[in-house]
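Colleague: I'd like to ask you about the structure that follows.
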Amino acid sequence: SLYSVFTVLFIYFTCISTVQTTDCLHLREQCINAGNGCESVWNVVEDACNISVLGNRCKAEDTVGCNRIIQILADKYPEFKNCVCTTDDICSITTLLGKWCGINKENISIETKLQWGLSALSKQVYTTNRSCLDVNRECIEDEVCNKQLSLYLKVCSVNKKCNVEGCQAAIRFFYRNMPFEVAQMMIFCDCIQRDESCHRAKELLHGKPCAVTVAPPPSCLNVIHMCEENESCRKKYSTFRSKCWRHVTKKCYNDEACLETLIKDDMPCSANADCKAAYISNWGTMLHVECTCQNLPPVEQPLCELFHHILHSKSCFS
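Throughout the sequence shown, residue numbering follows mature numbering (1 follows the signal peptide of the UniProt record, and there is no 0), covering -21 to -1, 1 to 297 in sequence.
Shown next, in the form of C-alpha cells:
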C-alpha cells in the first residue's frame, strides 16, 4: 500500500558500506506479504537490529544479536541465505538493508511532508489550551499521524532500554516534518493536575522519559555550555534566543542585579510564530533535556535560573 511505501522511506541510515543489494530488499517485501510467518521473524530482526532508529548508520548496538537473528531468518527462510555474511560485525545488516543505507535524509523529509498533506489534522488551525489526551486521541484516529507517532514511539518506548540519541533523533524527525499547526497542537498541549491519563499522553507526545530525563539531571549551566560547544546546537540556541529572548543580552549574564530583575519580572518573550518554530526546533536536542539549578554555588544560581526559565518555561506560549 501507499503507507507501507512511506514507512520504508521513513527509515534512513547514513551509509557506511558500499554494499548495495536490491535483491534482499525485494525479499523483505515478499517476506512481509507472504503470510507464512516470515513477517514475524522480520519484526524480530527490526527490533534486534534497531532498524527503525534514525541515525543508526547501518550498525546495530548489539551487532552479535543482530547478526544472530539475521542468520536465523536465513536458516528458516533459505531465500535470504545470500543476505548473510561473516566477514565483519556489520556485514550482515548492510547486506540485508542494501539501498536503505544510502536513502537521502532530505528525500525522506519530502516524502513525509507529502504524507502529512493527506492528514485531516493538517487542515486544523491551532488553538491554545488543548488537552494532551484529546490531542493524542486525535492523532491516533488520524491514519497519517498515527503512523508517524507509532514509528516515533517504537524508538522511544519505555518498554525497552532507552536509546537516548535514537529517541532524540526520532523526536526531531517527528516534529520537524509535520505541519507547524500540528506541532504546536502537540507541543503546547497541557493537562489539569489530577488527570493521570492526560499526563501519560503528554509524556508520550513529549518524549518522556527517554529523551528528556537524565539521571542525575545536569545543571542548566552545563546544558548551555555543552550546547555552545556543538555547532548544530549552538545555531539552534542562537536562533531561539534571537527569536524569543532578544532583550536578554549576554551583558546581563555577569550582573546579578540585572539577572534578578529579569527573573523577578517573569521575563516576557516574543511568542510569535518565529519564536514558536525556534522553540520546537530545540526538541530532540540537549536543550530539551530537563536540567536543574540545585546544589550550585549561590553565585551561579541567578544565571542558572535564567537559563532554566529560557529553556523550559512555557509561560509565554500559554
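We put the CB at the ideal spot given by N, CA and C, even for glycine. Predicted model only: the values in this text are computed from it and were never measured.
Report back the beta-carbon spacing between Cys146 and Cys189 to the nearest angstrom; my notes put them in contact at under 8 Å.
Modeller: 4 Å
Colleague: When the Cα of Phe286 is compared with those of Glu160, Phe296, Asp253, Arg220, which residue comes out closest?
Modeller: From the listed residues Glu160, Phe296, Asp253, Arg220, the smallest Cα separation to Phe286 is found for Arg220.
Colleague: Are Val202 and Met265 touching if we call contact CB-CB under 7 Å?
Modeller: Yes. Within cutoff.
Colleague: By Cβ distance below 6 Å, which residues in the same chain neighbour Lys181 in space, the five residues on each side in sequence not counted?
Modeller: Cys111, Cys170
Colleague: In three-state DSSP terms, what is Arg36?
Modeller: Because Arg36 sits at a pLDDT of 44, beneath the cut-off of 50, its placement in the model cannot be relied upon, and the following sentence gives the value as read from the coordinates. In this structure, Arg36 counts as coil in the three-state DSSP scheme.
Colleague: Kindly provide the ranges of any alpha helix (DSSP H) runs that are 4 or more residues long and lie completely inside the stretch 109 to 155, ordered along the chain.
Modeller: 111 to 120, 122 to 135, 143 to 155
Colleague: The alpha helix (DSSP H) that contains Gln280, what's its start and end?
Modeller: In the DSSP assignment, Gln280 falls within the unbroken alpha helix (DSSP H) covering 280 to 291.
Colleague: Would you kindly check if the distance between the Cβ of Cys206 and the Cβ of Cys199 is under 7 Å?
Modeller: no
Colleague: Is any non-hydrogen atom of the ligand FAD found closer than 6 Å to the C-beta of Val161, if you look at the structure I gave you?
Modeller: Among the components modelled here there is no ligand, and therefore nothing to report on the ligand FAD.
Colleague: Residues in the same chain with beta-carbon distance under 6 Å from residue 340, minus the five sequence neighbours each way, listed in chain order, please.
Modeller: Because the chain here runs from -21 to 297, residue 340 falls outside it and cannot be looked at.
Colleague: Gln163 lies in the alpha helix (DSSP H); which residues open and close that run?
Modeller: 159 to 166
Colleague: Taking the alpha helix (DSSP H) that Leu184 belongs to, which residues open and close that run?
Modeller: 175 to 184
Colleague: Let's test the definition: count the other Cβ atoms within 10 Å of the Cβ of Asn156 and tell me whether it reaches 16, buried, or not, exposed.
Modeller: With 16 or more other Cβ atoms inside 10 Å of its own Cβ, Asn156 counts as buried.
Colleague: Between which two residues does the alpha helix (DSSP H) carrying Ala252 extend?
Modeller: 252 to 260
Colleague: What does Asp169 pair with, by DSSP beta-bridge criteria?
Modeller: Ser110
Colleague: Please classify Leu97 as buried or exposed, where buried requires at least 16 other C-beta atoms within 10 Å of its C-beta.
Modeller: exposed
Colleague: Taking the alpha-carbon positions, what's the Asn142 to Cys135 distance?
Modeller: 7 Å
Colleague: Which residue or residues does DSSP assign as beta-bridge partners of Thr271?
Modeller: Ser198
Colleague: Measuring CA to CA, which of Lys222, Gln94, Asp113 is closest to His178?
Modeller: Nearest option by C-alpha distance: Asp113.
Colleague: Under three-state DSSP, which class holds Cys45?
Modeller: helix
Colleague: So, under 8 Å CB-CB, Cys295 and Cys248 are touching, yes? Tell me the CB distance rounded to an integer number of Å.
Modeller: 4 Å
Colleague: Thinking Glu122 and Leu100 are a contact (beta carbons under 8 Å), I'd like their distance in whole angstroms, please.
Modeller: Not confirmed; about 10 Å, so no contact.
Colleague: To which residues of the same chain is Arg109 closer than 8 Å at the C-beta, ignoring the five residues directly before and after it?
Modeller: Met164, Phe167, Cys168, Asp169
Colleague: Could you work out which residue in Gln127, Gln103, Glu175 is closest to Glu160 when comparing CA atoms only?
Modeller: Gln103
Colleague: For a quick check, are the C-beta atoms of Ala162 and Tyr154 less than 7 Å apart?
Modeller: yes
Colleague: Would you grab the beta carbon distance between Gly263 and Ile119 for me? Rounded to a whole angstrom, and I think it's under 8 Å.
Modeller: The Cβ separation is near 21 Å, so there is no contact.
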